[in-house]
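Undergrad: Protein chains in written order, with my numbering: chain A, 1 to 357; chain B, 1001 to 1357; chain C, 2001 to 2357.
1. If you follow the alpha helix (DSSP H) that residue 138(A) is in, where does it begin and where does it stop?
2. With DSSP as the reference, label residue 1236(B) as helix, strand or coil.
3. Which residues does DSSP pair with residue 2043(C) in a beta bridge?
4. Whole angstroms are fine: how far does the CA of residue 51(A) sit from the CA of residue 1102(B)?
5. Name, going along the chain, the residues of the segment 2269-2282 of chain C whose beta-carbon falls closer than 7 Å to a beta-carbon of chain A.
6. Taking Cβ positions only, does residue 1312(B) come closer than 8 Å to chain A?
7. Quick one: give me the first and last residue of the alpha helix (DSSP H) that residue 1010(B) is part of.
8. If you count every other CB in all the chains shown that lies within 10 Å of the CB of residue 2345(C), and 16 or more means buried, which is it?
9. If the cut-off is 8 Å on Cβ atoms, which residues from the segment 1131-1164 of chain B count as contacting chain C, listed in chain order?
10. For residue 2136(C) and residue 2331(C), which I take to be in contact (beta-carbon distance under 8 Å), what is that distance rounded to the nearest angstrom?
11. Residues of chain B with CB closer than 8 Å to the CB of residue 60(A), please, in chain order.
12. Does any residue of chain C bring its CB to less than 8 Å from the CB of residue 93(A)?
13. With 8 Å set as the bound, which would you pick, yes or no: does the beta-carbon of residue 2266(C) sit closer than that to a beta-carbon of chain A?
14. Which bits of chain A does residue 1333(B) rub up against, with CB to CB less than 7 Å?
15. Give the interface partners of residue 84(A) over in chain C, defined as CB-CB distance under 7 Å, in chain order.
16. Which whole runs of the alpha helix (DSSP H) in the segment 1189-1219 of chain B are 4 residues long or more, in chain order?
17. So which of 1208(B), 1173(B), 1199(B) has the shortest CA-CA distance to residue 1188(B)?
18. Of the residues 1062(B), 1005(B), 1054(B), 1061(B), which one's Cα is nearest the Cα of residue 1073(B)?
19. Taking Cβ-Cβ distances shorter than 9 Å, what residues in chain C pair up with residue 1123(B)?
20. Leaving out five residues on either side along the sequence, give the residues of the same chain with a beta carbon under 7 Å from the beta carbon of residue 1186(B).
21. By how many angstroms is the C-alpha of residue 169(A) removed from the C-alpha of residue 130(A)?
22. Do residue 1327(B) and residue 1006(B) have their C-beta atoms closer together than 8 Å?
23. Checking contacts by CB at 8 Å: is residue 88(A) closer than that to chain C?
24. How do the segment 268-282 of chain A and the segment 240-254 of chain A stand: do at least 3 beta-carbon pairs fall below 8 Å, yes or no?
25. Classify residue 311(A) as buried or exposed, calling it buried when 16 or more other Cβ atoms lie within 10 Å of its own Cβ.
26. Is there contact between the segment 158-165 of chain A and the segment 29-48 of chain A, where contact requires at least three CB pairs shorter than 8 Å?
27. Please list the partners that residue 291(A) has in chain B, where partner means a Cβ-to-Cβ separation under 8 Å.
28. Hey, residue 2258(C) and residue 2153(C): beta-carbon distance below 8 Å or not?
29. Measuring straight from C-alpha to C-alpha, what distance separates residue 2198(C) and residue 1122(B)?
30. Mind checking residue 20(A): buried by the 16 CB within 10 Å criterion, or exposed?
31. Does DSSP put residue 160(A) in a helix, in a strand, or in coil?
32. Within 10 Å of its beta-carbon, does residue 1069(B) have 16 or more other beta-carbons around it, so buried, or fewer, so exposed?
33. In the DSSP output, which residue or residues are listed as bridge partners for residue 338(A)?
34. Distance cutoff 8 Å, beta carbons only. Does residue 178(A) sit that close to anything in chain C?
35. Alpha carbon to alpha carbon, how far is residue 1151(B) from residue 1202(B)?
36. On a Cα-Cα basis, can you pick out the residue from 2347(C), 2058(C), 2323(C) that is closest to residue 2317(C)?
Structure representation (structure tokens):
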């Protein structure tokens, strides 16, 4: 990996990605060979919002490499999250530890953290923005379960508008050859424009299908996600619609024999419990792949790491980011950093939000 | 141990129990010899209700065997305990880790967890139902402090109706020879019928004694437990009665020289602080025995473990468990599993509650 | 160290202090040599009030010595902190572990804990009373950054009345040669009488200076602390005064080139963020020195430790401590222990509070 930090999986080259996947597979094959490679190393898991599952996956990964873990999971009880700036917390924790996994409800926080940390930073989820280790998990799963990352017909079902894991998976899979995407959702919850742009500029096909039942026969992969009740216009609308996007045994009858069903978990009721006993259900083994994916990532990032913090950066513009959930609104000292993408449009380097000048 | 999981101590044969006790003693004698036997292994402590003491005992035990620990202790802040089914959590955590210790306020949860876990499950307390590692702690203490598990006069004082540790200790000690039980409580708080049945079908004697003062001279062992204020008819009744069941220096005057005083802790005021300085007080050293007992248990359970999860089970009946605190009422997907014990009586395989058809 | 526990840094001789500092420096020079010296040892971090930063420093220190850590950080969710006496908790945890770091909002708690613990106890902060590992951090920083602990002009700025780290640093630095103290605060927030007494009985000079701007040119060391808004007579008074005690780039213009700026952290706004980029700012590297200081302390305390708990102590007086924040008011079983300092004045051995007979 050329980059010290992992904020956005899209910043990795295809080769770098494949290297991590291959390493994950090597560890899976001979875990004992890797059980001490991070001996003496400490990871901090700084979870500014609870996500017990993700935190346990990171901890397990570090422990299985022989390292150890400190951190917090509990914003209410943590004195760190009260009063103190993110910058100060990260500067100190980056001095104590060898690698940091950070989770935060605001978008762009992982990027902000990486600017002040001597230790490499992993984005363990920054609000609705990015969650790169989930996508890494997904592609390690696909690679192992399908034997390839090319030539697949991938269905994505549920809330495709707000699901950051869906966006990230599409972006990543467009880098591979000849994948086709089947987008299964209500019209209101379909993928946002910027994902359409990415699909259009790739050589991947995509189709919109309004129900899971119609879509299922053509799929090699089905990526299920939650649809939150609150996303619908009304409770009545939710009750009417939800069955259309629930996976059950009946819908599976017309599916391919080698379909692989994934889900980032936790699920609520979008996959019927009966489906768990179908051999095509891969969402539980997916979490085990996720552990190996994180092991490979941590190992890669700790190799020959340069602990010099980034040089200080300065405002590239005088405007503020127009995304209200951007970390820059809470942490005022952060320099205003934008990429100019032509015309009067700026892209915030923290949260990737668009701002008009 | 023939069983993969430890849900109920009564499922162990006397030989299996003795093996664990002997192993605990070996570890105690030469702890350094065992300080790496679980190297590379991970325990999950899933505490759905806080019990800092028990959790620290499990963690210490695992760490002293060279293993490591992940988990949560904080149901409010844990995203795992919200929304997600027990089955999903356990399936995932069982995939990450090598052994799970679970604590939950609902009865039968440990049994339910064991049905979905690749990793062996230890019941660290399921509501008012069972707490097998406390009983293991108690008998390791007795065996070391008395040199035997036979021929003892064992007093049990306090709330004998609701105290799960009392029930479990009686059940276990009836397997040994010639033990006599002295049951010291108000009539309202005496042992339940099913414990009387166990005593009657064993060859152990038992007597009811209404005050600690009367009982104390005959005892080899005194097992003290808390009486919760709420268990009495009124505050006035509590104030009137409580002295009768409080152990103090004065009552100890008539006790045997080699009496051993145990308590599962935490205590409130049922043992006067002055008693702590009496050499017969063993309730603190009991917690140290508990640590070694848990070390022996973990070691035993991790030996040659088969990580295949249980095959799927199906309803054995159409009725629901009539115990309102049974886990089956919260986790609706759980198959209804009962043992038929004759007539129209079913016993729930999760919580051991009785259900009439 | 002659003492088993570290409650008050003032109980260490100058030689003992220097030994710990030298060991911290040795570890810093060759950390790998020390990465397994505490292998198999367990530290408990018992944090009865949240202090994530301090807890992470202790944990990191123990892990970097090859040891492991259990504990709690969350008084609300911890069953230990509810209902159970400090004595019982400490007796049990002292039996499980090899060393305890305790933090508590009440004064004298660490001393109280040390009376019942088989394991050595480190005071990680007891209310407004003492925080010895912060002072150890401060002097390890000074020794490394200045090359000496003598002949310095040390400015202390902020709330000098209530800041326990300020008091402790002054007390410690008066043991070294020819240090001069510059006390920078409002008259209301200056050092208390007992610190003046210590300064007067030492051969150290000290002066009061009402503004940071005036003081700064003469300083070799500037120790900044927070001034809490609530300490001022009114919000208006706070707004008027606060700038006088805020360190910014402008004030640094007249400072010495080799000034070293320290702060116990977390800071709020008493140091402008711009100062972070000045090479004289040492408050972040100070936290790294703190980690090594704690490593040295833990190593020293675990060497040849005698695990016999203290013999029981009895009341030395019948009066109660007059400090309302003293632990003796919550934990009623604690013996009343006082030092008689002449006349009708007693000093509480827990909280060092003064009590008139």
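Backbone N, C-alpha and C define an ideal beta-carbon position, used for all residues, glycine too.
TA: This is what the structure holds:
1. 132-146
2. helix
3. 2069(C), 2099(C)
4. 19 Å
5. Identification of residues in the segment 2269-2282 of chain C having a C-beta nearer than 7 Å to some C-beta of chain A yields 2273, 2277, given in sequence order.
6. yes
7. DSSP places residue 1010(B) outside any alpha helix (DSSP H), giving it a letter other than H or E.
8. Of the residues assessed, residue 2345(C) falls on the exposed side of the cut-off, its CB having fewer than 16 other CB atoms within 10 angstroms.
9. none
10. For a cut-off of 8 Å, the C-beta gap from residue 2136(C) to residue 2331(C) is around 27 Å, too long to register as a contact.
11. 1042, 1070, 1096, 1097
12. yes
13. yes
14. 273
15. 2266
16. 1193-1201, 1212-1215
17. Of 1208(B), 1173(B), 1199(B), the residue nearest in Cα terms is 1208(B).
18. Of 1062(B), 1005(B), 1054(B), 1061(B), the residue nearest in Cα terms is 1054(B).
19. Chain C residues near residue 1123(B): none, gap ~18 Å exceeds 9 Å.
20. 1241
21. 11 Å
22. no
23. yes
24. Result yes; three or more Cβ-Cβ pairs closer than 8 Å.
25. exposed
26. no
27. 1095, 1096
28. no
29. Residue 2198(C) and residue 1122(B) have their C-alpha atoms some 57 Å from each other.
30. buried
31. coil
32. buried
33. 348(A)
34. no
35. If I take the Cα positions, the gap works out to 14 Å.
36. Selected option, being the one with the closest Cα: 2347(C).
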